[in-house]
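Each residue of the sequence shown is one higher than the one before, counting from 1 in the UniProt record's numbering.
Here's the structure we're looking at; comments come further down.
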Amino acid sequence: MTQVQLVNSFLSFLGTTKQPTSLKFLNELIKAHQEKVKEPIHLSNMKELISRSNDWHTSPVLKKIQIFGYIDGIPTSINDNVLKRYFQGKKREQIITSFELNYWITERFCVDKEIYERAIEIFNEKSSNRILQTSSLISLG
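Here's what the structure looks like:
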């Protein structure tokens, strides 16, 4: 995207098409952005939310390995060897083989195979720890 396209896109986001000159331009952008974003969110305010989302015991996101992306402009996801593609108003699901899974992960989602395999190892370790801790709690209860 060129600088002009980027600026036009940002102006469109702000709801304006006015093209002020250089220094005025920067001031106009800052002013418009400040009007759009009344109260900025500080990272310190997000700490608890971020911590909870990374808690292996409670986070719904960490219950299974999922990959999501736009493949050829189509929202696409993989989890548990099921490929899901979301077309306008329709969801297509397809069970895929290990070979197809490898193809989709490395070639279509462009995920490094070693990184993916390491993620699976970590997930399995954490999941087995979670299961052991849960079963310990059940037997204690």
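Glycine residues also receive a C-beta, built at the ideal position from the N, C-alpha and C atoms.
Own chain, CB closer than 8 Å to Ser136, minus 5 neighbours either side, in chain order | Residue confidence is low: Ser136 scores 39 on pLDDT, short of 50, so the model does not pin down where it sits. No coordinate-derived value is stated.
What residue does the alpha helix (DSSP H) around Ile50 start on, and which one ends it?
-> Here the alpha helix (DSSP H) through Ile50 covers 43-53.
Find the nearest neighbour of Ile67 within the set Asp55, His57, Asn81, judged by alpha-carbon distance.
-> Closest in alpha carbon position to Ile67, among Asp55, His57, Asn81, is Asn81.
Using the DSSP secondary-structure output, state which residues sit across from Asn79 in a beta bridge.
-> In the DSSP output, where bridge partners are listed per residue, Asn79 has Val82.
For Leu83, count neighbouring Cβ atoms within 10 angstroms of its own Cβ and tell me buried if that reaches 16, exposed if not.
-> With 16 or more other Cβ atoms within 10 Å, it is buried.
Rounded straight-line distance, which links the Cα of Leu49 to that of Glu93 | Cα to Cα, the separation comes out at about 32 Å.
Who are the near neighbours of Thr106 in its chain, counting only those whose CB is closer than 6 Å to its CB and skipping five residues on each side?
-> Only Lys113 meet the Cβ criterion.
To the nearest angstrom, how far is it from the Cα of Ser128 to the Cα of Ile122?
-> If I take the Cα positions, the gap works out to 10 Å.
Go ahead and label Thr97 buried or exposed: buried means 16 or more other beta carbons lie within 10 angstroms of its beta carbon, across all protein chains shown.
-> By the C-beta density criterion, Thr97 is exposed, having fewer than 16 other C-beta atoms within 10 angstroms.
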